[in-house]
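> Below is the structure I would like to discuss, written out as structure tokens.
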Amino acid sequence: MDNTTSELAASIRSIPDYPKPGIIFRDITTLLGNPRAFRRAVDELVQPYAGTKIDKIAGMEARGFILGGAVAHQLSSGFVPIRKKGKLPHDTVRIAYSLEYGVDEMEMHRDAVQPGEKVILVDDLIATGGTAVGATKLLRQMGAEVVGACFVIDLPDLGGRRKLEELGVVVHTLVE
Ligand code: PRP
Ligand code: ADE
309 MDNTTSELAA SIRSIPDYPK PGIIFRDITT LLGNPRAFRR AVDELVQPYA GTKIDKIAGM
369 EARGFILGGA VAHQLSSGFV PIRKKGKLPH DTVRIAYSLE YGVDEMEMHR DAVQPGEKVI
429 LVDDLIATGG TAVGATKLLR QMGAEVVGAC FVIDLPDLGG RRKLEELGVV VHTLVE
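Its first residue numbered 309, the sequence shown is counted upward by one per residue in my numbering.
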């Protein structure tokens, strides 16, 4: 582990049996509250895309909004919120998905992306990949090109990264 990886890993708190028994919840609020770790995480997330024209960052509610907003600012890109159902006011596309501890539905505004726009997904963590795969499908349904996805944390045993890569999305993560 290099210095940045170990500093980031040390700034993430683990909560056993949350939100359900048997789940170890990786809590990034401690990373976000640490100015140095927050800056480093955003800098590292952005690094593979520096100098590339990315039209939009898509962030998944809710933790993907915090990191995705910062990444969009760094890359001078727009931001697309992918929200849990019922939160967006205009015409939406919706998809059901499952994640490590439940099932839900997510939505995106139909006019949030234009055909051919280059989009990067940003979230704090990839576990089963259900959330990121759902978001990729919504974006592609609206004609966007999902050129990459980045996460602070990968839980490799849950196989999400592989699922996303099988869809042709290049995945960048900082900590396992
Ligand atoms: C968490 C996390 C990812 C997702 C990853 O979000 O922020 O979005 O789970 O899990 P998966 O790879 O198994 O799909 P959550 O739905 O708990 O929402 P929150 O950010 O609103 O807490
Ligand atoms: N989302 C899915 N699995 C998670 C975990 N173990 N910790 C935090 N967020 C998650």
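Ideal placement from N, C-alpha and C gives every residue a C-beta, glycine not left out.
#1: So, Ala-435 versus Gly-476, is the Cβ gap smaller than 7 Å?
#2: Considering only their Cβ atoms, is the gap separating Ile-365 from Phe-387 smaller than 7 Å?
#3: Kindly indicate which three-state DSSP category Arg-321 falls into: helix, strand or coil?
#4: For Gly-367, which beta-bridge partners are listed by DSSP?
#5: Tell me, which residues are paired with Leu-407 by DSSP?
#6: What three-state label does DSSP hand Ala-349 in the structure shown?
#7: Give the range of the beta strand (DSSP E) segment to which Ala-457 is assigned.
On the basis of the coordinates in this document:
#1: no
#2: Contact flag set, yes.
#3: strand
#4: Pro-389, Val-430
#5: Gly-410
#6: helix
#7: 453-462
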